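Engineer: Residue numbers (UniProt numbering): 1 to 171.
Beta carbons: idealized from backbone N, C-alpha and C, even for Gly.
None of the values given here were measured: they were computed from a predicted structure.
Here it is in structure tokens:
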């Protein structure tokens, strides 16, 4: 392993082994391929079978939705206040990238992302699960809107006073 200036950061260089380079070299020089020592892998199982897909119920989560709105309002206040017709930003893209960076970070960076992206009363792992449900709802062909669903479930009372008379509609 090689160490950079920061003692916590380590990286391993991606270097081909000498055998593989030699095999390629012998193939290119004398025209006959070297014997292959690589075993073929079995094909991956299909992943698109409906019975194997997890059941994902999209859900609206008011706390997560409000967190996204608050985060994007903070972002919009930090952007330059000049009116430009050529610049735009996608709030959903920014929060999604921030969440991906949060998942991939560690140490103090992870803690800082946690302060910004996670509600104070929620575990960050649970927050990501709930955020995934909000995204699934957004991408769903039949999204769930808790306000609309309640309205839809209510029955409409039928009152004879509202019906037109026998003579048909008034002209």
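#1: Is residue 61 near residue 133, with beta carbons less than 8 Å apart?
#2: Specify, as a first and last residue, the run of the alpha helix (DSSP H) that residue 70 falls within.
#3: Note down the Cα distance separating residue 94 from residue 40, rounded to an integer number of angstroms.
#4: Applying the criterion that 16 or more other CB atoms from any shown protein chain within 10 Å of the CB defines a buried residue, is residue 103 buried or exposed?
#5: Compute the Euclidean distance between the alpha carbons of residue 72 and residue 109, then round it to the nearest angstrom.
#6: Would DSSP call residue 39 helix, strand or coil?
#7: Considering residue 126, what are the terminal residues of the alpha helix (DSSP H) in which it resides?
#8: Taking all protein chains shown into account, do 16 or more other C-beta atoms lie within 10 angstroms of the C-beta of residue 123, making it buried, or fewer, making it exposed?
#9: Quick one: Cα of residue 187 to Cα of residue 117, how far?
Structural biologist: Reading it off the structure:
#1: Residue 133 is positioned such that its CB atom lies closer than 8 Å to that of residue 61.
#2: Boundaries of the alpha helix (DSSP H) harbouring residue 70: 62 to 78, taken from the DSSP string.
#3: One Cα belongs to residue 94, the other to residue 40, and the distance between them is close to 41 Å.
#4: Around the beta carbon of residue 103, fewer than 16 other beta carbons sit within 10 angstroms, so the residue counts as exposed.
#5: Looking at the two C-alpha atoms, the distance is approximately 20 Å.
#6: Reduced to three states, the DSSP call for residue 39 is coil.
#7: Run containing residue 126: 124 to 139, per the alpha helix (DSSP H) assignment.
#8: That one is exposed.
#9: This structure cannot settle anything about residue 187, because the visible part of the chain is limited to 1 through 171.
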